[in-house]
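Take 717 as the starting number for the sequence shown in the working numbering and just add one per residue.
Here the structure comes first, spelled out in structure tokens, and everything after it is commentary.
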Amino acid sequence: MKIVCVGRNYAKHINELKNEKPKKPVLFMKPDTALLPPRNPLYLPDFAQEFHYEVELIVKIGKMGKHIAPQFAHRYYDQIGLGLDITARDLQARLKAEGLPWEKAKAFDNSAVVSSVFLEKNAFKNLQDIHFSLKKNDEIVQQGHTADMLWPIDKLIAYISTFFTLKKGDLIFTGTPAGVGKMSIDDVFTGYIEGQEMFKIKLK
Ligand code: ZN
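Right under this line is the structure:
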């Protein structure tokens with residue numbers, strides 16, 4: 717399986733990192749080795765100094781497709797999860813400045829936290845009206861609303877599938893809202909969709 721991630725899909729997050737608003741979705745990928753195995757504690761690698769959490773709604777692909785039209789995209793997924801796109805921000809800044817690919821800062825081992833639970837898509841009345849959030853220790857640090865996505869899920873799937881065949885089990889990280897910040901040892905991160913706890917991880 718592969719993980720396709722969307723960058724810059726929420727306007728306020730684009731502003732906080734002083735990025736340009738993209739004309740097309742910004743895509744990058746993480747390999748399957750980026751998945752943090754379930755119930756494993758999270759250790760940060762030592763090749764960077766500043767690691768950021770980015771909470772993101774995750775779509776799990778249910779069947780293979782390519783060149784999927786937006787109006788049929790809903791047929792290709794049934795499940796919604798939540799996770800963290802962990803980012804070595806200082807390293808990413810250096811790579812960006814040099815115009816180099818982001819993988820070292822975004823796709824390293826254990827950089828993808830994925831909830832072990834996924835929710836049925838049909839449990840939501842409107843996929844563009846989902847609230848999700850992240851607590852760092854006892855403080856809510858990120859609050860997302862899918863209405864604020866620059867590209868909603870179905871448009872993302874259509875766009876992604878013009879470049880990459882999507883296969884059953886692939887995951888799409890749909891972008892992070894504002895509020896990203898630093899991770900430190902002993903921090904506990906808890907992610908919620910509509911108030912329901914989706915994951916809890918501790919940084920070792
Ligand atoms: Zn992200």
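Glycine included, every Cβ here is placed at the ideal spot set by N, Cα and C.
Item	Value
Heavy atoms of the ligand ZN versus C-beta positions, residues under 7 Å	C721, G723, E770, E772, D801, T803, F889, G891 and T892
Segments assigned beta strand (DSSP E), at least 3 residues, entirely inside the stretch 806–840	828–830
Cβ contact check for the stretch 753–763 and the stretch 818–830: 3 or more pairs under 8 Å	yes
Buried/exposed call for L752, threshold 16 Cβ in 10 Å	buried
Option nearest G700 by Cα separation, candidates K740, P738, V722 and M780	Any property of residue 700 remains undetermined from this structure, which presents the chain solely from 717 to 920.
Cβ neighbour criterion (16 or more within 10 Å) applied to H768	buried
Buried versus exposed call for G815 [16 or more other C-beta atoms within 10 Å across all chains shown]	exposed
Same chain, Cβ closer than 7 Å to V830, neighbours up to 5 away in sequence not counted	L751, I774, G797, G799 and L887
Pairwise C-alpha distance: P757 and K920	6 Å
Range of the contiguous beta strand (DSSP E) that encloses T749	No beta strand (DSSP E) holds T749; DSSP gives it neither H nor E.
Rounded C-alpha distance that separates L811 from L743	16 Å
Buried or exposed (CB count within 10 angstroms, at least 16 for buried), I873	buried
Residues of its chain near G897, where Cβ-Cβ distance is below 8 Å and the 5 sequence neighbours each way are ignored	H768, Y769, K852 and V857
Nearest-angstrom Cβ-Cβ length linking T862 and V722, presumed shorter than 8 Å	Wrong, their Cβ atoms sit about 12 Å apart, outside the cutoff.
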